[in-house]
Every structure is written in C-alpha cells, then in structure tokens.
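Visitor: Sharing a structure here in structure tokens format.
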Amino acid sequence: MTRFPEYLEGPLMDLHMNWRKSSYSAPSSNNCVEVADLPAATAVRDSQNPDLGHLTFPSSEMAAFVTAVRSGEL
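Just so we're aligned: 1318 in the working numbering is position 34 of the sequence shown, and the numbers increase by one with no gaps anywhere.
In structure tokens form, the structure reads like this:
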C-alpha cells in the first residue's frame, strides 16, 4: 500500500497510481522520472528505481515548479 502525506490520508491511501514517463524526460535517455496524477497532488519517482518510493507534491507546488522551469527560472 502506498503511504500518502498527511494532507492526502484517508480514503485516498488505497488509491492506485497510474505512472507515466514525464514529458520533460528525454525520449532516448535512461535518466527520467515518472509521474502519477492524484486528486490533489502529483507523485514523482525515478523510473530506474521505482521500488525505492516516490515523492508527493501538492498540486499548487507542482504547478509553481513547472511554471518556474518553463520560464527558465530553474
């Protein structure tokens, strides 16, 4: 069972995550991450080591991160 952060606990703890390769990962590279959309967050994991766990970010934090990457701030 996946353990979610406190803000996602409750009925979402049993949620099945559908992982996909990040659109920011290079198509021919082995260095990529996978993401899974959750109702109020996004989960991120290393595609080469998926059994080592994942990080979960609230939707607002992930949106701010993507905006900063797109603008060249990061």
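Cβ coordinates follow ideal geometry from the N, Cα and C atoms, glycine included.
Inspect the beta-carbon positions of L1322 and D1330 and report whether they are closer than 8 angstroms.
Guide: Position 38 of the sequence shown, counted from the start, is the residue given in the question as residue 1322. Position 46 of the sequence shown, counted from the start, is the residue given in the question as residue 1330. Going by C-beta atoms, L1322 is not nearer than 8 angstroms to D1330.
Visitor: Given P1342, which residues of its chain have a CB within under 6 angstroms of its CB, disregarding the five upstream and five downstream residues?
Guide: Mapped onto the sequence shown, residue 1342 falls at position 58. Taken in chain order, the residues that qualify are A1325.
Visitor: Please report how far the alpha carbon of A1327 lies from the alpha carbon of F1349, in whole angstroms.
Guide: Looking up residue 1327 in the sequence shown gives position 43. Looking up residue 1349 in the sequence shown gives position 65. If I take the Cα positions, the gap works out to 13 angstroms.
Visitor: From E1318 to E1345, what distance separates their C-alpha atoms?
Guide: Against the sequence shown, residue 1318 aligns to sequence position 34. Against the sequence shown, residue 1345 aligns to sequence position 61. Spanning the two alpha carbons is a distance of roughly 17 angstroms.
Visitor: Which residue from A1320, L1358, S1312, N1315 puts its Cα closest to that of H1300?
Guide: Taking the first residue of the sequence shown as 1, we reach residue 1300 at position 16. When only C-alpha atoms are compared, the closest one is A1320.
Visitor: Over what stretch of residues does the alpha helix (DSSP H) that includes A1348 continue unbroken?
Guide: Numbered from 1 along the sequence shown, position 64 holds the residue referred to as residue 1348. Taken as a continuous stretch (DSSP letters only), the alpha helix (DSSP H) holding A1348 covers 1343 to 1355.
Visitor: Between S1307, N1314, T1351, which has its C-alpha nearest N1333's C-alpha?
Guide: Along the sequence shown, one-based indexing puts residue 1333 at 49. Per the Cα distances, N1314.
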